[in-house]
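One structure below.
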Amino acid sequence: RTFDEELTGAVAQTVLDRAGITLNKNTVPDDPRSPFVTSGVRIGTPSTTTQGMREPEMVVIADLIASALSSTDDDAVIDAVRAEVVELCGRFTPYGG
Numbered sequence: 194r195t196f197d198e199e200l201t202g203a204v205a206q207t208v209l210d211r212a213g214i215t216l217n218k219n220t221v222p223d224d225p226r227s228p229f230v231t232s233g234v235r236i237g238t239p240s241t242t243t244q245g246m247r248e249p250e251m252v253v254i255a256d257l258i259a260s261a262l263s264s265t266d267d268d269a270v271i272d273a274v275r276a277e278v279v280e281l282c283g284r285f286t287p288y289g290g
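When you number the sequence shown by the working numbering, it's gap-free, plus one each residue, and the end is 290.
Pasting the structure below:
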């Protein structure tokens, strides 16, 4: 789903980084934007599955991404998303400890 036709991969990467979600900007097929800006992002899941997250957590993560990208200029929303990310990650430690 498209949130905003003007939203670039670079902006999405920056906003989500502020929200504690790490991903990277990426070109899409026939991308009209330069590789330094891009129209898409790439979301990797190996780190989440290594920590034991599964489908239910992926739904939560998708909702958090949607919240942040729907409110790119709203620091309160970004801070709230970051708090939820911290809480979620606290339940799934990388080394089971």
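Cβ atoms here follow ideal geometry from the backbone N, Cα and C, with glycine treated the same way.
DSSP-derived helix/strand/coil call for residue i
i, result
"VAL230", "coil"
"ARG235", "strand"
"ARG194", "Because the pLDDT of ARG194 is 48, which lies under 50, any placement of that residue in the model is unreliable, and the number read from its coordinates should be weighed accordingly. Coil."
Local Cβ density within 10 Å of residue i, reported as buried at 16 or more and exposed below that
i, result
"PRO287", "exposed"
"SER232", "buried"
"ASP205", "Note that residue 205 is Ala in the sequence shown here, rather than Asp. Counting Cβ neighbours within 10 Å, ALA205 comes out buried, since at least 16 surround it."
"GLY202", "buried"
"ARG194", "For ARG194, the predicted structure reports a pLDDT of 48, less than 50, and the residue's modelled location is therefore unreliable. The matter cannot be settled from this model."
"VAL279", "exposed"
"VAL252", "exposed"
Endpoints, the alpha helix (DSSP H) within which residue i is located
i, result
"ILE271", "268-283"
"LEU257", "248-263"
"LEU209", "202-211"
Contact with chain B by residue i, beta-carbon distance below 7 Å
i, result
"ASP197", "The question asks about chain B, but that chain is absent: this structure has only one protein chain."
#### Entry: Three or more C-beta pairs below 8 Å linking the segment 219-227 and the segment 240-253
no
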